[in-house]
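Residue numbers (our numbering): 4 to 191.
Worksheet: the structure to be examined is printed underneath.
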Amino acid sequence: MKNLLIALSFFFISLYGYSQAPSVEKSIFNVQLGVPGIFASNEARLSNSIALRSEIGLEGGIFSSYYNDFGFLMTPVITLEPRWYYNLKKRNTKQKRIDHNSGNYVSLNTSYRPDWFVISNEDNLSVLSSISVIPTWGIRRNIGKNFNYETGIGLGVIHYLPDSNDYYYGNDTEAAINLHLRIGYTFK
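Spelled out as structure tokens, the structure:
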């Protein structure tokens, strides 16, 4: 009788384990260093395969100016990005890692870049505030227990928000590319 109870216990435990659908993590906090920039983010589960990523960071760039051959700048960026991790079930079936939301994703990267401050090698530099919406495809993988890397590519639009003090004579809306490569640390 004791052996039967043990066997049934293992059966129900294994049945329960296999009946659980692979899912994104409930909430994960990341710090990532990217090309170019540094970012802190949180991914919160909305469903088994959809997470909402909220992120704040400093986005970098290079430019050419009249005084210098090349300049470097970093500006703040705030991002909200719903992500659909579409291959978690397949990765789980193949015994590949899905912890810390390790999988392929499709997202709608929506970013706001305010003109709060600019870190640059040139003085008195400012940027135009902007909002971008870029559908993006990407992958996220784990390195060891807490480290990860992420890469993505997307094409969308950016809309500039010049105020009355800005001297901007270009188009208000232009095409935008999201091309990123990041390495980071996940706190758990």
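All C-beta atoms, glycine included, are put in the ideal place defined by N, C-alpha and C.
- Judged by beta-carbon spacing, Gly-159 lies within the 8 angstroms limit of Val-136, meaning their Cβ atoms are closer than that value.
- Per the DSSP secondary-structure output, Leu-158 pairs in a beta bridge with Ile-180.
- Within its own chain, the residues whose Cβ lies closer than 6 angstroms to the Cβ of Val-80, once the five positions on either side in sequence are excluded, are Gly-60, Glu-62, Ser-114, Arg-116, listed in chain order.
- Looking at the DSSP output, Leu-76 shares a beta bridge with Gly-64, Ser-123.
- One Cα belongs to Arg-185, the other to Val-130, and the distance between them is close to 24 angstroms.
- Counting only runs of at least 4 residues, the region 25 to 53 fully encloses no alpha helix (DSSP H) element at all.
- Asn-145 carries a strand assignment under DSSP once its states are collapsed to helix, strand and coil.
- Here Asn-112 is bridged, per DSSP, to Ile-137.
- Within the DSSP bridge table, the entry for Asn-107 names Ile-142 as partners.
- Of the candidates Glu-28, Arg-143, Glu-58, Pro-25, the residue whose Cα lies closest to the Cα of Asn-112 is Glu-58.
- Shown here, Arg-94 sits in a helix according to DSSP, grouped into three states.
- The region 117 to 128 makes no contact with the region 87 to 106; the number of CB pairs closer than 8 angstroms stays below 3.
- In terms of CA proximity to Gly-40, Ile-65 leads the group Ala-54, Ile-180, Ile-65.
- Beta-bridge analysis with DSSP links Leu-55 to Ala-47, Pro-85.
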